[in-house]
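Numbering (the UniProt record's numbering), first residue to last: 1 to 185.
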């Protein structure tokens, strides 16, 4: 499963336009999976061509290819768009109460009316991306974004401070090594 982050911001708009457009993340099955479907089709074709009633077997790789191309979850600042083989469902962020993780590490959205919506191709590692795209309306349970914000908010050190600290560390290490040598004798 791949996650594609697309920045919809264009250089032609103003700053207000870019904030209104926001970001978008698409979670889908990789297109290279179609190579396996093509190989399946080529292996099934001789058997299906042998007898006329076996031509129905060719529907299996065709349906599988349609499933790969169609199935996806798209996250925008408005909400989630879940596309499956048979339909599309839009879920706004306000309607989502939280997420449930299945034993296979797939993510299911729990709505405010306690119904569930499976999110195709979304895994637990994608939850920070959903939090970023939703602009904080969905919290990040992994804490990855919190640790990134803490490191960004720390004061940056000047080159002189970093060099002095590195020099002090090497002096302390050298002193420790000398004291270890004298204790062994």
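We put the CB at the ideal spot given by N, CA and C, even for glycine.
(message) How far does the beta strand (DSSP E) with residue 118 in it extend, from its first residue to its last?
(response) 116-123
(message) Is it buried or exposed, residue 98, if we count other Cβ atoms within 10 angstroms and call 16 or more buried?
(response) exposed
(message) With H, G and I counted as helix, E and B as strand and the rest as coil, what does DSSP make of residue 140?
(response) coil
(request) Just mark residue 49 as buried or exposed, buried being the case when its beta carbon has 16 or more other beta carbons within 10 Å. (result) exposed
(request) Measure the alpha-carbon distance for residue 53 versus residue 69 and round it to whole angstroms. (result) 27 Å
(request) Taking residue 54 as part of the alpha helix (DSSP H), name the residues at either end of that continuous run. (result) Residue 54 -> no alpha helix (DSSP H), and no H or E assigned at all.
(request) Going by CA-CA distance only, name the one from 71, 131 and 104 that's closest to residue 96. (result) 131
(request) For residue 80, name the three-state secondary structure that DSSP assigns. (result) strand
(request) May I ask you to report which of helix, strand or coil DSSP gives residue 29? (result) coil
(request) Starting from residue 65, follow the alpha helix (DSSP H) in both directions and report where the run begins and ends. (result) 59-70
(message) With the cut-off set at 9 Å, would you say residue 120 and residue 27 are in Cβ contact?
(response) yes
(request) Pick helix, strand or coil for residue 129, following the three-state DSSP scheme. (result) helix
(message) Residues in the same chain with beta-carbon distance under 8 Å from residue 168, minus the five sequence neighbours each way, listed in chain order, please.
(response) A caution first: residue 168 carries a pLDDT of 46, below 50, which makes its placement in the model unreliable, though a value can still be read off. No residues qualify anywhere along the chain.
(message) Is it buried or exposed, residue 133, if we count other Cβ atoms within 10 angstroms and call 16 or more buried?
(response) buried
(message) According to DSSP, simplified to helix, strand and coil, what is residue 103?
(response) coil
(message) Measuring only the C-alpha atoms, how far is residue 114 from residue 108?
(response) 11 Å
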